[in-house]
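Working notes, structure below.
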Amino acid sequence: MNDIYKRTQALLGENAMEKIKSSKVLLFGVGGVGSYCAEALARAGIGSFTLVDGDIVNPTNINRQLIALNSTVGRYKTEVMKDRMLDINPLINVDCVNEYYSEEYDTMNFIDFAQYDYVVDCIDSIKDKLYIICKAQNTGVPIISSMGAANKLDPSRFIITDIYKTTNCPLAKVMRHKLRELGVKSLKVAFSGENPVKPIVPDTPLGSVSFVPSACGLVIAGEVIRNIAGVNL
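Heads up, the sequence shown is in this note's numbering, so the first residue is 12 and it goes up one at a time.
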């Protein structure tokens with residue numbers, strides 16, 4: 012066993028670690044939520060990743076995104092994340108898709124969901140989230156989706172639940188409506204029931220702070236690892 016995973020194996024056991032090591036994760040969105048989720052999964056021992064995100068690091072990302080540093084501004088988020096993951100474990104396999112994923116993109120550049128053990132959706136676009144969710148469920152691959160992390164201040168409020176049990180989340184409200192229209196019966200999500208905070212500065216983008224999207228990403232990573240390892244709380 013790789014020494015870096017000794018503490019994790021002590022907690023989960025050898026069989027669970029083998030499952031984790033052999034698993035392949037398809038992760039969409041390497042931003043405030045996705046970057047922390049990806050790193051936590053790598054540190055937990057996941058052996059193979061495909062990271063999908065067409066965005067580059069911008070100075071406005073530095074307040075909340077793990078991959079955002081002054082030294083990484085202008086680089087693809089997926090490539091920065093890959094470098095971090097390989098620095099954690101050089102044996103990890105990481106493929107990068109530097110594109111914004113959509114139905115239109117997938118028609119031309121097909122991603123085979125069936126080759127993955129888990130799909131993680133950490134993107135913001137509702138239309139593209141819906142496509143990813145439906146494709147994963149139609150393929151039979153487990154998926155977890157992040158709901159809103161903006162305009163929130165309490166990281167302790169993030170939980171794993173079904174989309175139809177969510178409250179106080181504007182993104183989840185829209186997703187519930189759209190998913191019902193599509194006939195989706197259930198979807199595992201990470202969401203916060205905290206009432207959205209009204210930004211103090213008017214006419215600005217959605218507010219965010221370092222400790223909230225990161226918490227969401229870590230909650231998602233924990234659920235993925237427990238599911239793969241077969242651990243129930």
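Don't be surprised by glycine CBs; every beta carbon is placed ideally from N, CA and C.
{"Asked": "Per-residue DSSP class, three states only, for residue 99", "Found": "helix"}
{"Asked": "For residue 137, the first and last residue of its enclosing alpha helix (DSSP H)", "Found": "137-150"}
{"Asked": "Validate contact between the segment 26-37 and the segment 79-93 using beta carbons, cut 8 Å, 3 pairs", "Found": "no"}
{"Asked": "Validate contact between the segment 85-94 and the segment 159-172 using beta carbons, cut 8 Å, 3 pairs", "Found": "no"}
{"Asked": "Residues sharing a beta bridge with residue 133, DSSP", "Found": "Answer by DSSP bridge pairing: none, since residue 133 is not bridged."}
{"Asked": "Cβ-based neighbour list, residue 244, same chain, cut-off 8 Å, excluding 5 preceding and 5 following", "Found": "237"}
{"Asked": "Distance between residue 116 and residue 17 (C-alpha atoms, nearest Å)", "Found": "40 Å"}
{"Asked": "Beta-bridge pairing of residue 107 - partner residues as DSSP gives them", "Found": "62"}
{"Asked": "Selected residue, minimal CA-CA separation from residue 37, among 162, 74, 134", "Found": "134"}
{"Asked": "Local conformation of residue 35 per DSSP, three classes", "Found": "strand"}
{"Asked": "Three-way DSSP call (helix, strand, coil) for residue 15 in this model", "Found": "helix"}
{"Asked": "Segments assigned alpha helix (DSSP H), at least 4 residues, entirely inside the segment 153-240", "Found": "181-193, 224-240"}
{"Asked": "Rounded straight-line distance, which links the Cα of residue 239 to that of residue 145", "Found": "21 Å"}
{"Asked": "Three-way DSSP call (helix, strand, coil) for residue 116 in this model", "Found": "helix"}
{"Asked": "Test item: CB-CB of residue 245 and residue 203 under 7 Å", "Found": "With the chain running from 12 to 244 in the structure shown, residue 245 is simply not present."}
{"Asked": "For residue 47, the residue or residues it bridges with in DSSP", "Found": "Per DSSP, none; premise fails for residue 47."}
{"Asked": "Supposed close pair residue 64, residue 40 - CB separation, criterion 8 Å", "Found": "6 Å"}
{"Asked": "Close-in-space but distant-in-sequence residues of the same chain around residue 68 (CB under 7 Å, 5 per side omitted)", "Found": "78, 79, 83, 84, 85, 86, 88, 91"}
{"Asked": "Three-pair Cβ contact test at 8 Å for the segment 179-186 versus the segment 118-133", "Found": "no"}
{"Asked": "Residue closest to residue 46, alpha-carbon to alpha-carbon, out of 234, 225, 194, 233", "Found": "225"}
{"Asked": "Sequence-distant residues of the same chain with beta carbon closer than 6 Å to residue 51, five excluded per side", "Found": "229, 232"}
{"Asked": "For residue 57: DSSP bridge partner residues", "Found": "For residue 57, which the question treats as bridged, DSSP gives no partner whatsoever."}
{"Asked": "Neighbourhood of residue 158 by C-beta distance below 6 Å, restricted to the same chain and skipping five residues each side", "Found": "180, 182, 183, 200, 202"}
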